[in-house]
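Protein chains in written order, with the UniProt record's numbering: chain A, 1 to 191; chain B, 1 to 601.
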């Protein structure tokens, strides 16, 4: 469908939408790099308070890792033109994404009840809320995009075999997955 | 024409693959002028919004300059404009802070970032690389409308009960984090943060598009080293923006947490009106690091596009190839990399480790090298050229001159030992207004005068253009040159009333002179705005496709290009963009194949 903006010669190159996503990923990474380096700078100062990561975050880690796997399977199904299977697995990915966000919220609540709160002294917990919260916002963005392409695959009046939108979706989904993995390891070691 | 439709179709409906694109979309007023996806219209939208903001931001400086120049007088006009903020015709100190904050925010972000990059990136990228439109015209439209939303929010903050943000354009905590601390830190500050968040989103969408269009959608034969320098400059600008704005956003998110959720990222051991706040362990310096990690690249985001515009205009109007094309690219790249490594030179007096400081001094002074290479190349480009002194050319030469004047004081400030003395004085004001404010405006004016024929199919009035140039140049020096002396004498910036210092009373008449020059400069800018809008409708018509005799692709489009830019095929490119005065010919367009007997360059 993109024949109009992508000339023959450009087909061999990276698709512009994928390229744009790579740049966007770099941009989002800079934000989290800014936040985590702020964390490192602050953690060397006096009055720093650490916290213990509730175990539910392991559950959410497993959930989002699994969802990356199902996303891979969904893309493969799409390329094999197994539309039924594609829809089903995409739906599973969507549900896993929602479950991830729910687990994060439960984790935040447990942490809050462990007296890691906003008020008063600065510490790792406050950074965790801000950083993991921002990550969750990015996951929610991905969930909305998943919902859109899921609904499109059900209600779409025309069949499209162009894999680019699905692949772009997959790239973003793997990105938020890997980003969470990075954050999880970061907070495990330094939190 | 059918290609035009393809583009709109591509955006409007994903998933209609393989269908013949036949349905003709009728352009309505809304789709053509308001929610337009045509990059040329979006460029015009950015430019006009930028002009409106420039008038507002400039007017603020004129009004507070009135007070600074004539501290004993009262001006009824101030009360007319500001009501209770200037009772009896005198600006209240709190409101003076608000005015300078908004002057800085508006001009740096809304005019010289969005207005400048937004205009010329949108206009020139597809036209000069040979693309029908941006990689994603929809995201491009979204970029403008997010900017517009940011504008509305920022504008609305001017009308709140407690006034707009007033902590300086850098909004340092703790002042900006505590609503208790000042009037300007209440709702005005929240609106500032919301507006800037929208603004960052707009910049990211725009930047993404600029980068992917430049790298992916060049026409056949347009290799990277055949691109005009404008496009190179815009590419590096976009990279800077995409990598640095998110860091500002992260700083602002933490600031929002501190403001409303009681966290202590930036706050520690604070007493407001004798009351101790519960915040502990925060560090205000942390914010400065996050802010200046954007803040410093931001000044290059402002100046790089104008470097590109000036390079192009200087070459065209000297009828000579740009001198040192590869060196120009390399120096842009060097500036782009160094831009990320010098942010702490804004923080020499924050108690920064002196050893760390010396590293930042070294990196800062290194920027002088690529800057000097560029200046040298601009001068050698016009050296013995067949110079055509169009208003655009004058502004481009003026840009180089002003950039040198302002750049030299940068060497002073980049040295931490001198900076300790000059920090937070009028010297800093003079330095960055000249090197970043005035010279960026000169580059922008050069671009507007030069590409106005492409934007509207008409010329701007030359006589008004010459008056605009000479008066602006004279006033720029009259305003900012004396500020260097004030700064060296120790006169602090951001102070409304300096009457308690006897030593500064010698500057009274100088301040009055600066204010008068400011008023003249501002009225000449209004004349430019008049020229712009008048010429849009009544200017001399462009009769030929290539009025300046330029080599680049934008002048191969029709005088009034439609959406899609070229009727028929996109032209193929065979040579670089600077074949002027070659083999006895005045210029050779990029679209002309290299002849057999042609000399190499």
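C-beta atoms are modelled at their ideal positions from N, C-alpha and C, and glycine is treated no differently. Keep in mind the model is a prediction, meaning the values are calculated, not measured.
Are the beta-carbon atoms of residue 283(B) and residue 229(B) separated by less than 7 Å? On the second chain, residue 283(B) is found 283 positions in, with the first residue counted as 1. On the second chain, residue 229(B) is found 229 positions in, with the first residue counted as 1. Not a contact, by the Cβ cut-off of 7 Å.
Within 10 angstroms of its Cβ, does residue 72(B) collect 16 or more other Cβ (buried), or is it exposed? Along the second chain, one-based indexing puts residue 72(B) at 72. Residue 72(B) is exposed by the Cβ-count criterion.
For a test of the three-state rule: what should DSSP assign to residue 71(B), helix, strand or coil? As a working note, residue 71(B) is residue 71 in the second chain. Coil at residue 71(B), not helix or strand.
So what's residue 91(A) in DSSP terms, helix, strand or just coil? For this step, residue 91(A) is matched to residue 91 along the first chain. Note: residue 91(A) maps to helix in three-state DSSP.
Measuring CA to CA, which of 422(B), 583(B), 591(B) and 147(B) is closest to residue 597(B)? The sequence position of residue 597(B) within the second chain is 597, counting from 1. Checking every option, the nearest Cα to that of residue 597(B) belongs to 583(B).
DSSP state of residue 133(B), grouped into three classes? For the purposes of this step, residue 133(B) is taken as residue 133 along the second chain, with counting starting at 1. Reduced to three states, the DSSP call for residue 133(B) is coil.
Are residue 208(B) and residue 24(A) closer than 7 Å when you measure CB to CB? Counting from 1 along the second chain, the entry for residue 208(B) is found at position 208. Counting from 1 along the first chain, the entry for residue 24(A) is found at position 24. It is a contact, given that the beta carbons lie within the stated cut-off.
Quick check on the DSSP output: the beta strand (DSSP E) that includes residue 585(B) runs from which residue to which? Position 585 of the second chain holds residue 585(B). Note, residue 585(B): beta strand (DSSP E), 585 to 587.
Run the CB neighbour count on residue 436(B), radius 10 Å, all protein chains shown included, and call it buried at 16 or more, exposed below. Taking the first residue of the second chain as position 1, residue 436(B) is located at position 436. With 16 or more other Cβ atoms within 10 Å, it is buried.
Proximity test, Cβ basis, 7 Å: residue 68(A) and chain B: Taking the first residue of the first chain as 1, we reach residue 68(A) at position 68. It does not: the Cβ of residue 68(A) has no partner Cβ on chain B nearer than 7 Å.
I'd like to know if residue 122(A) contacts chain B, where contact means its C-beta is closer than 7 Å to some C-beta of that chain. Counting from 1 along the first chain, the entry for residue 122(A) is found at position 122. Closer than 7 Å to some Cβ of chain B, the Cβ of residue 122(A) qualifies, so yes.
Is there a Cβ from chain A that is less than 7 Å from the Cβ of residue 246(B)? Position 246 of the second chain, counting from 1, holds the residue named residue 246(B). With 7 Å as the cut-off, residue 246(B) counts as an interface residue toward chain A.
By a C-beta neighbour count over all protein chains shown, 10 Å radius and 16 as the cutoff for buried, is residue 1(A) buried or exposed? Taking the first chain and counting its residues from 1, the one referred to as residue 1(A) is at position 1. Residue confidence for residue 1(A) is low, a pLDDT of 38 falling below 50, so the modelled location carries little weight; the figure read from the coordinates is stated next. Residue 1(A) should be labelled buried.
Within chain B, the residues that residue 19(A) reaches when beta carbons sit closer than 7 Å: Taking the first residue of the first chain as 1, we reach residue 19(A) at position 19. Under the 7 Å cutoff, chain B gives 212, 215 and 216.
Close Cβ partners of residue 266(B) (< 8 Å) along its chain, the five nearest in sequence each way excluded: Along the second chain, one-based indexing puts residue 266(B) at 266. Contacts found: 173, 174, 177, 254, 255, 258, 282, 283, 284, 286 and 287.
Rounded to the nearest angstrom, what separates residue 71(A) and residue 65(A) at their Cα positions? Taking the first residue of the first chain as 1, we reach residue 71(A) at position 71. Taking the first residue of the first chain as 1, we reach residue 65(A) at position 65. Whole-angstrom Cα-Cα distance: 10 Å.
Out of 332(B), 194(B), 495(B) and 358(B), state which residue places its alpha-carbon closest to the alpha-carbon of residue 237(B). Position 237 of the second chain holds residue 237(B). Of the listed residues, the one whose Cα sits closest to residue 237(B) is 332(B).
If I follow the unbroken alpha helix (DSSP H) through residue 133(A), where does it start and stop? Working through the first chain from its first residue, we reach residue 133(A) at position 133. It spans 124 to 155 - the alpha helix (DSSP H) in which residue 133(A) sits, taken as one unbroken run.
Could you check whether the segment 350 to 365 of chain B touches the segment 298 to 315 of chain B, counting it as contact only if at least three pairs of C-beta atoms, one from each stretch, sit closer than 8 Å? no
Residue 126(B): beta carbon under 6 Å from a heavy atom of the ligand FAD? The ligand FAD is not part of the structure shown, which contains no ligands of any sort.
Could you list which residues in chain B have their beta carbon closer than 9 Å to that of residue 79(A), in chain order? Translated into the one-based positions of the first chain, residue 79(A) becomes position 79. Chain B residues near residue 79(A): none, gap ~15 Å exceeds 9 Å.
Give the list of continuous alpha helix (DSSP H) stretches no shorter than 4 residues that lie fully inside the segment 419 to 495 of chain B. 426 to 432, 439 to 456 and 462 to 488
Residue 344(B) - DSSP class collapsed to helix/strand/coil: As a working mapping, residue 344(B) is identified with position 344 in the second chain. In this structure, residue 344(B) counts as helix in the three-state DSSP scheme.
Just reading off the beta strand (DSSP E) that residue 581(B) is part of, what are its end residues? The count along the second chain starts at 1 and reaches residue 581(B) at position 581. Unbroken beta strand (DSSP E) run through residue 581(B): 580 to 582.
Rank 574(B), 279(B) and 84(B) by C-alpha distance to the C-alpha of residue 121(A) and give the top, closest one. The residue labelled residue 121(A) in the question sits at position 121 within the first chain. Minimum Cα distance to residue 121(A) is reached at 279(B).
Would residue 424(B) pass as a contact of residue 348(B) if the rule is Cβ separation under 7 Å? Working through the second chain from its first residue, we reach residue 424(B) at position 424. Working through the second chain from its first residue, we reach residue 348(B) at position 348. Result no, Cβ atoms of residue 424(B) and residue 348(B) do not sit closer than 7 Å.
Exposed or buried, what is residue 93(B) when buried is set at 16 or more other beta-carbons lying within 10 Å of its beta-carbon? Within the second chain, residue 93(B) is the residue found at index 93, counting from 1. Residue 93(B) should be labelled exposed.
Chain-order list of residues whose beta-carbon lies under 6 Å from that of residue 118(B) (same chain, five-residue window excluded): Start at 1 with the first residue of the second chain, and residue 118(B) comes out as number 118. Closer than 6 Å at the Cβ level, and outside the excluded window around residue 118(B), lie 46.
Flag residue 189(A) as yes if its beta-carbon sits less than 7 Å from any beta-carbon of chain B, otherwise no. Here the question's residue 189(A) lines up with position 189 in the first chain. Taking Cβ atoms only, chain B never reaches closer than 7 Å to residue 189(A), which makes this a no.
Kindly indicate the opening and closing residues of the alpha helix (DSSP H) around residue 62(A). As a working mapping, residue 62(A) is identified with position 62 in the first chain. Segment 56 to 79, the alpha helix (DSSP H) holding residue 62(A).
How many Å lie between residue 570(B) and residue 214(B) at the Cα? As a first step, residue 570(B) must be located in the second chain, where it is residue number 570. As a first step, residue 214(B) must be located in the second chain, where it is residue number 214. Going from the Cα of residue 570(B) to the Cα of residue 214(B) covers about 15 Å.
Limits of the unbroken alpha helix (DSSP H) element including residue 377(B): In the second chain, the residue the question calls residue 377(B) occupies position 377. Its alpha helix (DSSP H) spans residues 368 to 382.
Between the Cα of residue 136(A) and those of 105(A), 118(A) and 166(A), spot the shortest distance and give me the residue it belongs to. Here residue 136(A) refers to the residue found at position 136 of the first chain. Nearest of 105(A), 118(A) and 166(A) to residue 136(A), Cα basis: 105(A).
In three-state terms, what does DSSP make of residue 105(A)? Translated into positions along the first chain, residue 105(A) becomes position 105. Helix, per DSSP.
In this structure, how does DSSP classify residue 118(A) when only helix, strand and coil are distinguished? Here residue 118(A) refers to the residue found at position 118 of the first chain. Looking at residue 118(A) - three-state DSSP - the assignment turns out to be coil, as it is neither helix nor strand.
Please report the distance separating the alpha-carbon of residue 154(B) from that of residue 452(B). Within the second chain, residue 154(B) is the residue found at index 154, counting from 1. Within the second chain, residue 452(B) is the residue found at index 452, counting from 1. Straight-line Cα distance between these residues: approximately 29 Å.
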